[in-house]
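Numbering (this note's numbering), first residue to last: 630 to 806.
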């Protein structure tokens, strides 16, 4: 993975869990958002700064399960990502508004995040452009759809950016430790 064009990367990752569980705890219908500031090459450092947002609709048991998964404590893909993070600046339970409509994905966290991305059409001008074997992405084993951010504004935990008009991605996902 190359160095970032502007010296750093600021990104948002979000997961809408259609169906799933951690041990015996059901996680169906919940949302999770992670934001990352990477002050250099994502793989070689320096370490990332991160904030995690858990769905306010989660019970205590569900929030604990989500925290274990997405902090890397449960191992698997997030165990690898946890090794790249130097500082978690906060974990909050918040309203997360997620919507998927065709090629468009929208995500809002009131007073912190406003994001809309839209998949781009491939060379055939009929189907979405996809990457089938990405290096580092939050959905190992699944192709990712290439998108453009219609808007992507974030401000919280002393991190702030506007990535509107830049790239985005979305895909299905499945995780196991």
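Every residue gets a Cβ at the ideal spot worked out from N, C-alpha and C, and that includes glycine.
Because the structure is a prediction, the values reported are computed rather than measured.
I need the boundaries of the alpha helix (DSSP H) containing residue 635, first residue and last residue.
As a position in the chain shown, residue 635 is number 6, starting the count at 1. Here residue 635 belongs to no alpha helix (DSSP H), and DSSP marks it neither H nor E.
Using 10 angstroms around the beta-carbon of residue 672, count the other beta-carbons present and answer buried if the total reaches 16, otherwise exposed.
For this step, residue 672 is matched to residue 43 along the chain shown. When all chains shown are included, residue 672 counts as exposed.
Please classify residue 646 as buried or exposed, where buried requires at least 16 neighbouring CB atoms within 10 angstroms.
Counting from one through the chain shown, the residue named residue 646 turns up at place 17. With 16 or more Cβ atoms within 10 Å of its Cβ, residue 646 is classed as buried.
Just to confirm the assignment: which complete beta strand (DSSP E) runs, minimum length 3, are found wholly within the segment 706-786?
Whole beta strand (DSSP E) segments, 3+ residues: 714-723, 726-730, 733-738, 742-748, 773-785.
Exposed or buried, which one is residue 781 when buried takes at least 16 other CB atoms within 10 Å?
Residue mapping note: residue 781 aligns to position 152 of the chain shown, counting from 1. The residue in question, residue 781, is buried, as its Cβ has 16 or more Cβ neighbours within 10 Å.
Assuming residue 711 and residue 786 make a contact with CB atoms under 8 Å, what is their CB distance in whole Å?
Taking the first residue of the chain shown as 1, we reach residue 711 at position 82. Taking the first residue of the chain shown as 1, we reach residue 786 at position 157. That belief does not hold up - the Cβ atoms of residue 711 and residue 786 are roughly 18 Å apart, past 8 Å.
May I have the straight-line CA-CA distance separating residue 736 from residue 744, to the nearest angstrom?
Translated into positions along the chain shown, residue 736 becomes position 107. Translated into positions along the chain shown, residue 744 becomes position 115. Going by the C-alpha atoms only, they are around 5 Å apart.
Alpha carbon to alpha carbon, how far is residue 783 from residue 741? Give it in angstroms, no decimals.
Indexing the chain shown from 1 puts residue 741 at position 112. Indexing the chain shown from 1 puts residue 783 at position 154. Rounded to whole angstroms, residue 741 to residue 783 spans 5 Å at the Cα level.
Under the rule that 16 or more other beta-carbon atoms within 10 Å means buried, what is residue 726, buried or exposed?
Here residue 726 refers to the residue found at position 97 of the chain shown. Classification of residue 726: exposed, given that the 10 Å Cβ count is below 16.
Kindly identify the DSSP beta-bridge partner or partners of residue 798.
Numbered from its first residue, the chain shown carries residue 798 at position 169. DSSP output for residue 798 lists 775 as bridge partner(s).
Residues in its own chain within less than 6 Å of residue 697 by CB, not counting five upstream and five downstream?
Here residue 697 corresponds to residue number 68 of the chain shown, with the count starting at 1. Correct list, in chain order: 703.
Which of the three DSSP states, helix, strand or coil, is assigned to residue 697?
Your numbering for residue 697 matches position 68 in the chain shown. In this structure, residue 697 counts as helix in the three-state DSSP scheme.
Going by C-alpha distance, which of 791, 753, 746 is nearest residue 778?
Locating residue 778 in the chain shown gives position 149, where the first residue counts as 1. Minimum Cα distance to residue 778 is reached at 746.
What does the alpha-carbon distance come out to for the pair residue 659 and residue 792?
Working through the chain shown from its first residue, we reach residue 659 at position 30. Working through the chain shown from its first residue, we reach residue 792 at position 163. Distance between the alpha carbons of residue 659 and residue 792 is about 25 Å.
Helix, strand or coil for residue 676, going by three-state DSSP, please let me know.
Translated into positions along the chain shown, residue 676 becomes position 47. Three-state result, residue 676: coil.
Rounded C-beta distance between residue 722 and residue 768? I'm assuming under 8 Å.
The residue labelled residue 722 in the question sits at position 93 within the chain shown. The residue labelled residue 768 in the question sits at position 139 within the chain shown. In fact, because the Cβ distance is near 24 Å, the residues do not count as touching under 8 Å.
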